[in-house]
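What follows is one structure encoded as structure tokens, with my remarks underneath.
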């Protein structure tokens with residue numbers, strides 16, 4: 001990954017907001033447009049990818065999840081496998097911070113790539129001293 005462009009790490013909050021056209025979708029789209037033109041790099045761990053898929057399937061069904069996977073495959077996102085090094089880094093994050101296990105992967109990926117996590121998930125407040133967090137707007141309650 002080029003050091004010349006900003007690196008953004010997506011978590012499930014960011015991707016679900018994008019696919020569900022929530023308020024945060026505009027910023028996620030902006031980052032994806034930057035990535036498509038080479039002005040940014042966007043990465044996603046396979047663990048966070050799986051989280052987005054299972055949430056979508058659980059809430060909207062298998063067909064919707066499969067459609068979302070197809071759409072995701074077309075986006076300028078580098079999918080990063082959860083190899084041994086990333087798993088150990090995520091385990092270290094989880095051992096010392098009160099965050100979800102999948103979130104620990106996004107945090108570890110941001111640490112490894114010196115990237116900013118794009119999220120609106122309040123759990124990331126606990127790790128702002130470890131990684132840069134770019135806060136996305138929350139959905140307003142109905």
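In this note's numbering, the protein residues as written are 1 to 142.
Virtual Cβ for every residue (Gly too), placed ideally from N, Cα, C.
Given the structure is predicted, the values throughout are model-derived calculations rather than measurements.
Query                                                                                                                                                                      : Result
For residue 132, which of helix, strand or coil comes out of DSSP?                                                                                                         : strand
Would you mind stating whether residue 82 and residue 71 have Cβ atoms separated by less than 9 Å?                                                                         : no
Under the three-state reduction of DSSP, which class applies to residue 143: helix, strand or coil?                                                                        : Missing from the structure shown is residue 143; the chain here goes from 1 to 142 and no further.
On the DSSP bridge list, what partners appear for residue 98?                                                                                                              : DSSP output for residue 98 lists no bridge partner at all.
Classify residue 86 as buried or exposed, calling it buried when 16 or more other Cβ atoms lie within 10 Å of its own Cβ.                                                  : buried
Within a Cβ cutoff of 6 Å, which residues of the same chain sit near residue 134, ignoring the five residues on either side of it in sequence?                             : 116 and 118
Among all the DSSP beta bridges, which residues are the ones paired with residue 9?                                                                                        : 43 and 117
With a threshold of 8 Å, are at least 3 pairs of Cβ atoms found where one atom belongs to the stretch 55–74 and the other to the stretch 29–43?                            : no
Helix, strand or coil: how does DSSP classify residue 146 here?                                                                                                            : Look at the range of the chain in this structure, 1 to 142, and you will see that residue 146 is not part of it.
Using a 10 Å radius around the Cβ and a threshold of 16 neighbouring Cβ atoms, would you call residue 58 buried or exposed?                                                : exposed
For residue 26, collect the residues of the same chain with a Cβ closer than 7 Å to its Cβ; drop the 5 residues on either side in sequence, then sort them by chain order. : none
Using the three-state DSSP reduction, which class does residue 137 fall into: helix, strand or coil?                                                                       : coil
Anyone know if the C-beta pair for residue 93 and residue 130 falls short of 9 Å?                                                                                          : yes
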